[in-house]
Each structure stands twice: as structure tokens, then as C-alpha cells.
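See below for the structure under consideration.
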Amino acid sequence: MEITHTQFKHCDVVKVTGRVDSSTAPLLSEALTKITEAGRYRIVVDMAGLDFISSAGLRALISTQKTCRRYNRGEIVLSGLPANIAATLDLAGFTPLFKIFPDATSAVGNF
Amino acid sequence: MTTLTFPGRFDSLPMIADFVRMSAQEAGLSSFQIYAVETAVDEACANIIEHAYGGEDIGNIECGCVITEKGLTIILRDTGRPFNPENIKNPDLNSSLAERSDHGLGLYFIRQWMDAVDFEFKPGSNTLTMSKFKENQT
Numbered sequence: 563m564e565i566t567h568t569q570f571k572h573c574d575v576v577k578v579t580g581r582v583d584s585s586t587a588p589l590l591s592e593a594l595t596k597i598t599e600a601g602r603y604r605i606v607v608d609m610a611g612l613d614f615i616s617s618a619g620l621r622a623l624i625s626t627q628k629t630c631r632r633y634n635r636g637e638i639v640l641s642g643l644p645a646n647i648a649a650t651l652d653l654a655g656f657t658p659l660f661k662i663f664p665d666a667t668s669a670v671g672n673f
Numbered sequence: 005m006t007t008l009t010f011p012g013r014f015d016s017l018p019m020i021a022d023f024v025r026m027s028a029q030e031a032g033l034s035s036f037q038i039y040a041v042e043t044a045v046d047e048a049c050a051n052i053i054e055h056a057y058g059g060e061d062i063g064n065i066e067c068g069c070v071i072t073e074k075g076l077t078i079i080l081r082d083t084g085r086p087f088n089p090e091n092i093k094n095p096d097l098n099s100s101l102a103e104r105s106d107h108g109l110g111l112y113f114i115r116q117w118m119d120a121v122d123f124e125f126k127p128g129s130n131t132l133t134m135s136k137f138k139e140n141q142t
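The listed protein sequences derive, respectively, from chains E and W. Numbering follows the working numbering, in which position 41 of the first sequence is assigned residue number 603; successive positions increment by one, without gaps. Numbering follows the working numbering, in which position 55 of the second sequence is assigned residue number 59; successive positions increment by one, without gaps.
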């Protein structure tokens, strides 16, 4: 798994590639927590290069979504979901909990 | 049957996934089915490390792959704590964000995405046998 973080004026983009499982999910969690701890709550997670996500990865997303949505101060949105990743989110019932955009540019434009 | 033994650590998960993906391809499963099998095996192994062993480096995970006429059967064995699968409730997928639980998804994924799932607990040995059938076989 690789994580690239880019900070924009209105939001942060976290690009995740490779495999998010129980061994790598803590690193994703850490990257997201670093952003929210800096007081920034509008986050795009770009999944275009993601090969695999397990429930451990989903836990990192849901816990950050809870933090971001508190006091209506922001939210995590997702972009570029490959079909398999979209199927996992759907199976977990996560699709209604996140706005989903076709690509990172349109997701950034949402903020 | 090809069986490999991996140390019960989270960084074994990508190697277990490679092994299972290769077997699933050989068994003739479709690309989405291969992904479904990879997910089920990853969740099962993460549960073994986290719950059966209660941590990393406590015991091994034995992973066997059997290619059958119908598809692929995977046999996972550990020597950790047994559990009663019937006591693990399905997560409430319609609950609000605030009420959404962080746990319980793993077993749900396994039950949803595999065609047959069977747990067997004997003293000192827990076995999970699960199968995925080729699309024209289901």
C-alpha cells in the first residue's frame, strides 16, 4: 500500500494504492488521523489505484467519517472506486455513508 | 491439495492472498469471484490472528487449496481459541453512521461471498472449510 497526501486550500486528497488489509490499515488510519488532528475535516480518499480493501480498511474510513461529520464540520468523500472495491463497500452497507465521485477532480470540486 | 503454512502475523496476509488468488485462477473462477475469495480468506485469517490467537506471532495459519470440478475449496486451520460462529450476529447495515459498529463485518463478508462455509472445532485445532463454485456451477 502507498499513500500520497496533497493538501489543497479547501480540502485534502489522500491517494491510496495497492492493498489495504489488517497489516496496512493502521497506516491509512494514521494518515487520516493526522489530517483531522490538524483541524482539517474535508477529505477526498482517491481509490483509483486501490487493488484490495478488507474490513480493517473500511473501519479506518468509517471512524474518520465519524470524526469529520461531527458538528457538521466536514466529511470524507471517495473517488475513483474500482468495481471490486465498490462491491466491498456495497456489501458492507457503506455506500449510503459516503459521497462517491467518479474521479478525484470532481470530488475536490464538491468542497 | 496444496497446503502452505504461514506465521500468524498480519504481514502474512498479502502472501496468503497471492497463494489463494493463484489457486482460484487455476480453478477457473471469474475475476470477481477471485476477489471475493481473496476477501473471505483475508477476513478469516485476520480473525484468526486477532481473535483465535489474540495477537501476532502466537501460532501459525495452515492454508490448503483444493481445486475441484465445481471450483475451489479452501481449508484454514489454526490452533488458537475456538469460538461459536452462531454467536456472531450479522452487522446492522442500515444503522446510522453514529451507530455503525466497527466490528463484525469479517464473518459477514465470508458468509455472503462464499458458497459454502463450515467451521469445525476440535481440541487444539480449528478448521474453516469454505468453497467458491464456478459461475456456471452455482
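Just so you know, even glycine gets a beta-carbon here, dropped at the ideal spot from N, CA and C. All figures in this text were calculated on a predicted structure; none of them were measured in a lab.
DSSP places M19 (chain W) in the helix class (H, G or I) of the three-state scheme. Excluding its 5 nearest sequence neighbours in each direction, I615 (chain E) has C-beta neighbours in its own chain below 7 Å: V582, I647 and T650, listed in chain order. Chain W places a beta carbon closer than 7 Å to that of G655 (chain E), counting this residue as a contact.
Every alpha helix (DSSP H) of 4 residues or more that sits fully in the region 565–622 of chain E is shown, in chain order, as 587–599. The contact set of S585 (chain E) on chain W, defined by CB atoms closer than 7 Å, consists of F14, D15 and L17 in chain order. By the criterion of at least three beta-carbon pairs nearer than 8 Å, the region 9–23 of chain W is not in contact with the region 652–664 of chain E. Between the region 603–619 of chain E and the region 573–582 of chain E there are three or more inter-stretch CB-CB distances shorter than 8 Å, so the stretches are counted as touching. For E637 (chain E), the three-state secondary structure derived from DSSP is strand.
The three-state secondary structure of F10 (chain W), taken from DSSP, is strand.
Taking the Cα positions, T72 (chain W) is about 7 Å away from A31 (chain W). M609 (chain E) and G642 (chain E) do touch by the CB rule: their CB atoms are close to 5 Å apart, below 8 Å. Chain E places a beta carbon closer than 7 Å to that of D46 (chain W), counting this residue as a contact. At the C-beta level, D122 (chain W) and K136 (chain W) stay beyond 7 Å of one another. Judged by DSSP secondary structure, E124 (chain W) falls within the beta strand (DSSP E) whose first and last residues are A120 to K126. Beta-bridge annotation (DSSP): T77 (chain W) is paired with W:V70 and W:S135. Taking a cut-off of 8 Å on C-beta distances, the region 95–108 of chain W touches the region 627–641 of chain E, as three or more cross pairs fall below it. Partner residues in the beta bridge of F663 (chain E), as assigned by DSSP, are E:S641.
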